[in-house]
Amino acid sequence: MTDSPRWFKSSYSNNGGNCVEVATAHGEVLIRDSKNPGGSHLSLTRNGFAGLVVLARHQR
Numbered sequence: 143m144t145d146s147p148r149w150f151k152s153s154y155s156n157n158g159g160n161c162v163e164v165a166t167a168h169g170e171v172l173i174r175d176s177k178n179p180g181g182s183h184l185s186l187t188r189n190g191f192a193g194l195v196v197l198a199r200h201q202r
């Protein structure tokens, strides 16, 4: 039996519905659209996710 990922929203998420949710599973970081939790998700390595965060911070 496999455990379902535990999805969460960042405390920095906008309460207007424009949020992403993040979970970890099998050494990967999973990202999905909070408005479509049953849809597809993006799987990244931990290093890939860290790079995405750096890129997002520079886009402010």
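Following the working numbering, the numbering of the sequence shown begins with 143 at its first residue and continues without gaps.
Glycine included, every Cβ here is placed at the ideal spot set by N, Cα and C.
Leaving out five residues on either side along the sequence, give the residues of the same chain with a beta carbon under 8 Å from the beta carbon of Val162. Lys151, Ser152, Ser155, Ile173, Arg174, Asp175, Ser176
Beta-carbon proximity check, Arg188 vs Val171, cutoff 8 Å: yes
What are the boundary residues of the alpha helix (DSSP H) that Arg199 is part of? 188–200
If we require 4 or more residues per run, which alpha helix (DSSP H) segments fall completely within the region 145–172? none
My assumption, with CB atoms under 8 Å, is that Thr166 sits in contact with Pro179. Please give the rounded CB distance. The pair is not a contact, with the Cβ atoms about 16 Å apart (cut-off 8 Å).
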